[in-house]
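K.L.:
Protein chains in written order, with numbering that gives the first Met the number 0: chain A, 0 to 276; chain B, 0 to 276. By construction, the Cβ of each residue, glycine as well, lies at the ideal position given by its N, Cα and C atoms. Handing you this structure, nothing more for now.
Protein chains: 2
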Amino acid sequence: MILDGKIVRDKILDEIKEKIKREDLKIKLAIILVGDNEASKIYIKNKEKYCDYVGIETIKYTFTNNTPESEVIELIKKLNNDISVTGIILQSPVPHQIDFDKVSNLIDSNKDVDGFTKDNIYNLYLGKETILPCTVKGIIKLLEAYNFSLEGKDIVIIGRGNIVGHPLSLALQNKNATVTVLHTYTKDLEKYTKEADILISAAGCAHLVKDYMVKNNSIVIDVGVSRIDGKIIGDVDFDKVKDKVFAITPNPGGIGPMTVAMIIDNLVELKERSKNG
Amino acid sequence: MILDGKIVRDKILDEIKEKIKREDLKIKLAIILVGDNEASKIYIKNKEKYCDYVGIETIKYTFTNNTPESEVIELIKKLNNDISVTGIILQSPVPHQIDFDKVSNLIDSNKDVDGFTKDNIYNLYLGKETILPCTVKGIIKLLEAYNFSLEGKDIVIIGRGNIVGHPLSLALQNKNATVTVLHTYTKDLEKYTKEADILISAAGCAHLVKDYMVKNNSIVIDVGVSRIDGKIIGDVDFDKVKDKVFAITPNPGGIGPMTVAMIIDNLVELKERSKNG
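As structure tokens, then:
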């Protein structure tokens, strides 16, 4: 079975679009771009497109490459205090004079669309309600969309980055899965991957996961992105692995579309928080 | 081999005692006790004893059972601002009118002996320098004292509590171990425990770990504490397991003594931070 991220994304977006219209929700996303990273511009255009589709207003703040950190901080403080703004994204990467961790942590945790501020990570750690990082939420929502349960499952994650592997391991433990995190120092990847009910690869290493490394009838989620000769290559050797497993995400077309949809989903969650808070 | 926590504790304390004397360090620990939990009183007496031994001053603040939260908060704020105070401990448990998570988080992260404040947990999550929770640090220091390396090791933790299992999994990942966390929803404990180079049990379930569950020549660390008929029983069936493994902690006498020593160790670390900061 192919886990089609585009179909699930579209379904989620249509539900949100309907909800926003029905409840007349006024949601506004502020996006901050510093410098002229071409990939960032594409990501932002994508976010704007989906926001526009569901009826979320976006406002973009563009700074030149050599903007001092203080100017960005000042803007974030202004946006934190602006009750018309529901969520704030500081687009990564930023130029070297700006400390991304420090500055992005100044975003009010109640406007933290990406779920990476200290408060939201701490709540994730404690197993309390939190805004989940978009890729993490996208993985969980995709599995839930196909009615796969996580409780008690043996889940193996390859990769321990702060964007995916690390927060994902906490989120899946909170869902009562048994989680192992593999990384570059792991002695024997195969020993673990072969036993996984659900294998999630977020290593960014092209075709790392081969057919002999996965368990029959398991679920394989490919989060990795490598660019080779201008083509996006996932972590999983899809053509060979797909016949052995029960379900698998294509890449592209799996977790990528889900991640963008979760930005929208988090914005709605932040809006509901602000109404209740 | 028996990993003797008392011997390592004594060695660490003697080194610290010597260092405090040599460098003429003025270190003061403030301990806050609310209510009259008998176990808490014993724990505190223990902390005072070792502080006294190495030359750390302690000051104890005792509140009655029905003290309002605001009074405790006021004291913490005062102690945060008192430059003569190196570290602050709010003894757990506290009476119901006090929100432990909230109040203990008001302790300045630079005076957070227990390593549980949001800032220190966030740094642990990010893999940055942090004050490690005492039990977690005690486990790592005990393994290091016997020259066991952690990098690349297959480590299995039983238990995912916020005091041990959860922060330990982050700390061991930061040490480049491959970590799996087992818990009550895990389908098959044995499948994992049998493969562990290092098995650490922090379940609080008497004699959960039997000899057939451990790998030959592995290392077994017993953090669990169950009280049965007034006797402390560990998570590991020590008498049977000890002959199969390469190294094992007794319990009591393993991680317990190390945990107390790490309070002292953290106080010295906080003192050095305050000198450099």
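1) Ends of the beta strand (DSSP E) at D200/A?
2) What's the C-alpha gap between L266/A and D9/A?
3) Taking all protein chains shown into account, do 16 or more other C-beta atoms lie within 10 angstroms of the C-beta of F245/B, making it buried, or fewer, making it exposed?
4) To which residues of the same chain is G151/A closer than 8 Å at the C-beta, ignoring the five residues directly before and after it?
5) May I have the straight-line CA-CA distance separating V208/A from N109/A, to the nearest angstrom?
6) What residue range does the alpha helix (DSSP H) around K101/A cover?
7) Distance check for I197/B and N173/B, CA to CA, integer angstroms please.
8) Kindly indicate which three-state DSSP category D86/A falls into: helix, strand or coil?
9) In chain A, what lies closer than 9 Å to D210/B by C-beta?
10) For chain A, check one thing: does any of its Cβ atoms lie closer than 7 Å to the Cβ of E128/B?
11) Cβ of K230/B less than 7 Å from any chain A Cβ?
12) Tell me where the alpha helix (DSSP H) around T258/B begins and ends.
13) Cα separation between A38/A and I263/A?
14) DSSP on E309/B, reduced to helix/strand/coil?
15) Checking 7 Å against the spacing of the C-beta atoms, do N64/A and P94/A come in under that value?
16) Say whether the stretch 120-128 of chain A touches the stretch 58-75 of chain A, bearing in mind that this needs 3 or more beta-carbon pairs closer than 8 Å, one atom from each stretch.
17) Check whether the stretch 224-231 of chain A touches the stretch 98-108 of chain A, taking contact to mean three or more Cβ pairs, one atom from each stretch, closer than 8 Å.
18) If I'm right that V84/A touches L78/A with Cβ under 8 Å, what's the distance once you round it to whole angstroms?
19) Could you tell me whether any Cβ in chain A is nearer than 7 Å to the Cβ of N175/B?
20) Do we get a CB-CB distance below 7 Å when we pair Y121/A with the residues of chain B?
21) Tell me, to the nearest whole angstrom, how far the beta carbon of I31/A is from that of Q90/A; I am working on the premise that it is less than 8 Å.
22) Using CA atoms only, rank isn't needed, just tell me which of G252/B, G137/B and D210/B is closest to L171/B.
23) Taking Cβ positions only, does E271/A come closer than 7 Å to chain B?
24) Is there a Cβ from chain A that is less than 7 Å from the Cβ of L181/B?
25) Answer yes or no: do T57/A and E47/A have a C-beta to C-beta separation smaller than 7 Å?
26) Let me know if R159/A comes out buried or exposed under the rule of 16 or more other beta-carbons within 10 Å of its beta-carbon.
27) What residue from I88/A, I139/A and L169/A has the CA that sits closest to I43/A's CA?
28) For E128/B, is the classification buried or exposed, using 16 other Cβ atoms within 10 angstroms of its Cβ as the cut-off for buried?
29) If we ignore side chains and look at the alpha-carbon of each, how far apart do Y191/A and K239/A end up?
30) From what residue to what residue does the beta strand (DSSP E) around D221/A run?
P.N.:
Reading from the atomic positions:
1) A quick correction: the sequence has Ser, not Asp, at residue 200/A. Residues I197 to S200.
2) 16 Å
3) exposed
4) N175, A176 and T177
5) 38 Å
6) Per DSSP, K101/A belongs to the alpha helix (DSSP H) from F99 to S103.
7) 16 Å
8) The sequence shown places Gly at residue 86/A, not Asp. Strand at G86/A.
9) What D210/B touches in chain A: nothing, since even the nearest Cβ is about 22 Å away.
10) Not an interface residue.
11) no
12) I254 to N275
13) 20 Å
14) As displayed, chain B neither begins before 0 nor continues past 276, which places residue 309/B out of reach and without an answer.
15) yes
16) no
17) no
18) 5 Å
19) yes
20) yes
21) Cβ atoms of I31/A and Q90/A come within 8 Å of each other, at about 6 Å.
22) G137/B
23) For E271/A, the closest Cβ of chain B is not nearer than 7 Å.
24) yes
25) yes
26) buried
27) I88/A
28) exposed
29) 19 Å
30) I218 to D221
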